[in-house]
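Here's the structure, in structure tokens; my notes come after.
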Amino acid sequence: MILTERNQGVLTIRLHRPDKKNALSQQMYRDLVSALQDAEADDEIKVVLLGSTSECFSSGNDLQNFLGAGELNKQHPTVIFLYQLARFSKPIIAAVDGLAIGIGTTALLHCDLVYATEKVRFQLPFTALGLCPEAGSSVLLPQLAGYQRAAQYLMLGEAFGANEALQMGMINQITTTDNLQALAAEKAQALAKLPSAAVQQTKKLLRKQPEPITLETIATELAAFEQLLASEDCQQRINNFFSRKTS
Ligand code: COA
Numbered sequence: 021m022i023l024t025e026r027n028q029g030v031l032t033i034r035l036h037r038p039d040k041k042n043a044l045s046q047q048m049y050r051d052l053v054s055a056l057q058d059a060e061a062d063d064e065i066k067v068v069l070l071g072s073t074s075e076c077f078s079s080g081n082d083l084q085n086f087l088g089a090g091e092l093n094k095q096h097p098t099v100i101f102l103y104q105l106a107r108f109s110k111p112i113i114a115a116v117d118g119l120a121i122g123i124g125t126t127a128l129l130h131c132d133l134v135y136a137t138e139k140v141r142f143q144l145p146f147t148a149l150g151l152c153p154e155a156g157s158s159v160l161l162p163q164l165a166g167y168q169r170a171a172q173y174l175m176l177g178e179a180f181g182a183n184e185a186l187q188m189g190m191i192n193q194i195t196t197t198d199n200l201q202a203l204a205a206e207k208a209q210a211l212a213k214l215p216s217a218a219v220q221q222t223k224k225l226l227r228k229q230p231e232p233i234t235l236e237t238i239a240t241e242l243a244a245f246e247q248l249l250a251s252e253d254c255q256q257r258i259n260n261f262f263s264r265k266t267s
């Protein structure tokens, strides 16, 4: 479900669940957490490169896990992953193609460099599911895009493409599907060759280690998210997604 590969100081993690459009299951979150933990502890790893094996980055959280999800406490694999991502000390580069929905987009706000194809489609359909933002996106997205644009994406849930993402500074460069892996790998190698103490210190300074407000926001969002998730309306909307092909 996730594939990892080490090469010259770079740990590449690729989401691999093509039949479900790379929806992130609880097991995938556990595997991501474990891969990131190893990368954090291993001095040989200087950079993490996050991508996917197919022309689809991720359709977001596995909605099946949202049915009767229960408490989003600090033992929950998704919650562990969110904090780990926000606190990760080494640079993370993302290579994004196709769909990037929900956490498929919000996770990118924690990456240091993001490369995307012209076919990418970002979407944060939280409100349509009866949910609210997560992963610190309610503070990180307005910082990047400004309040009204963030409301367009987080409140209306409108999808946006590579050009809008580039314009707001959410991605670094647009490329083709054929060139995506090579471009992201080249940037990862370039970062891995730089003095890692200097690179990590720079990340810390840029992120203000990370900003306490990001961590506080993740916690506040999770409390609201958990409450909304438990509501009948939200559970019904998720059930509607799974019954859409039969109804
Ligand atoms: N969670 C669980 N399963 C998902 C999923 C998700 N987030 N996204 C897609 N899938 C599953 C579908 O149920 C389907 O499974 P099936 O073949 O057993 O029926 C399979 O992945 C393929 O999806 P499908 O909808 O047939 O493909 P599509 O190309 O028509 O549409 C999406 C792709 C991603 C646009 C659509 O599946 C979708 O809107 N997914 C939900 C996105 C979402 O709301 N994410 C959560 C945000 S918080």
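With the numbering used here as the guide, the letters of the sequence shown map in order to residues 21 to 267.
Where is the CB? At the ideal position from N, CA and C, for every residue including glycine.
Of the residues the options, the one placed nearest residue i, counting alpha carbons only
{"i": "residue 219", "options": "128, 155, 108 and 248", "result": "108"}
{"i": "residue 262", "options": "83, 105, 39 and 126", "result": "83"}
{"i": "residue 110", "options": "239, 42, 70 and 46", "result": "70"}
{"i": "residue 115", "options": "47, 135 and 244", "result": "135"}
{"i": "residue 181", "options": "144, 154, 163 and 215", "result": "144"}
{"i": "residue 98", "options": "66, 78, 64 and 52", "result": "52"}
{"i": "residue 67", "options": "212, 166 and 235", "result": "212"}
{"i": "residue 235", "options": "259, 104, 113 and 30", "result": "104"}
{"i": "residue 81", "options": "57, 214, 118 and 42", "result": "42"}
{"i": "residue 100", "options": "155, 129 and 126", "result": "155"}
{"i": "residue 137", "options": "158, 193, 96 and 227", "result": "193"}
{"i": "residue 49", "options": "199, 96 and 232", "result": "96"}
{"i": "residue 195", "options": "227, 94 and 140", "result": "140"}
{"i": "residue 88", "options": "264, 258, 265 and 129", "result": "258"}
{"i": "residue 183", "options": "127, 65, 231 and 142", "result": "142"}
{"i": "residue 251", "options": "55, 228 and 152", "result": "152"}
{"i": "residue 102", "options": "120, 126 and 90", "result": "126"}
{"i": "residue 177", "options": "157, 229 and 163", "result": "157"}
{"i": "residue 228", "options": "55, 106 and 57", "result": "106"}
Proximity test, residue i beta-carbon vs the ligand FAD heavy atom, cut-off 7 Å
{"i": "residue 226", "result": "In the structure shown, the ligand FAD is absent; the only ligands present are the ligand COA."}
As assigned by DSSP and simplified to three states, the class of residue i
{"i": "residue 114", "result": "strand"}
{"i": "residue 143", "result": "strand"}
{"i": "residue 251", "result": "coil"}
{"i": "residue 77", "result": "coil"}
{"i": "residue 119", "result": "strand"}
{"i": "residue 266", "result": "coil"}
{"i": "residue 216", "result": "helix"}
{"i": "residue 54", "result": "helix"}
{"i": "residue 180", "result": "strand"}
{"i": "residue 43", "result": "coil"}
{"i": "residue 109", "result": "coil"}
{"i": "residue 154", "result": "coil"}
{"i": "residue 196", "result": "coil"}
{"i": "residue 169", "result": "helix"}
{"i": "residue 133", "result": "strand"}
{"i": "residue 257", "result": "helix"}
{"i": "residue 100", "result": "helix"}
{"i": "residue 91", "result": "coil"}
{"i": "residue 26", "result": "strand"}
Environment of residue i [buried if 16+ CB atoms lie within 10 Å]
{"i": "residue 27", "result": "exposed"}
{"i": "residue 62", "result": "exposed"}
{"i": "residue 241", "result": "buried"}
{"i": "residue 173", "result": "buried"}
{"i": "residue 222", "result": "exposed"}
{"i": "residue 36", "result": "exposed"}
{"i": "residue 239", "result": "exposed"}
{"i": "residue 215", "result": "exposed"}
{"i": "residue 243", "result": "exposed"}
{"i": "residue 39", "result": "exposed"}
{"i": "residue 202", "result": "exposed"}
{"i": "residue 197", "result": "exposed"}
{"i": "residue 166", "result": "exposed"}
{"i": "residue 73", "result": "exposed"}
{"i": "residue 122", "result": "buried"}
{"i": "residue 230", "result": "buried"}
Assumed close pair residue i, residue j - CB separation to whole angstroms, cut-off 8 Å
{"i": "residue 254", "j": "residue 149", "result": "6 Å"}
{"i": "residue 147", "j": "residue 188", "result": "With 8 Å as the limit, residue 147 and residue 188 do not qualify as a contact, their Cβ atoms being about 20 Å apart."}
{"i": "residue 245", "j": "residue 92", "result": "6 Å"}
{"i": "residue 124", "j": "residue 79", "result": "7 Å"}
{"i": "residue 86", "j": "residue 249", "result": "6 Å"}
{"i": "residue 132", "j": "residue 200", "result": "17 Å between Cβ atoms; not a contact."}
{"i": "residue 65", "j": "residue 31", "result": "5 Å"}
{"i": "residue 161", "j": "residue 129", "result": "7 Å"}
Can you list every residue whose CB sits closer than 7 Å to some heavy atom of the ligand COA, going in chain order?
What you get when you keep residues with a C-beta closer than 7 Å to any heavy atom of the ligand COA is 39, 40, 41, 43, 79, 80, 81, 82, 83, 84, 119, 121, 122, 123, 145, 146, 149, 151, 261, 262 and 265.
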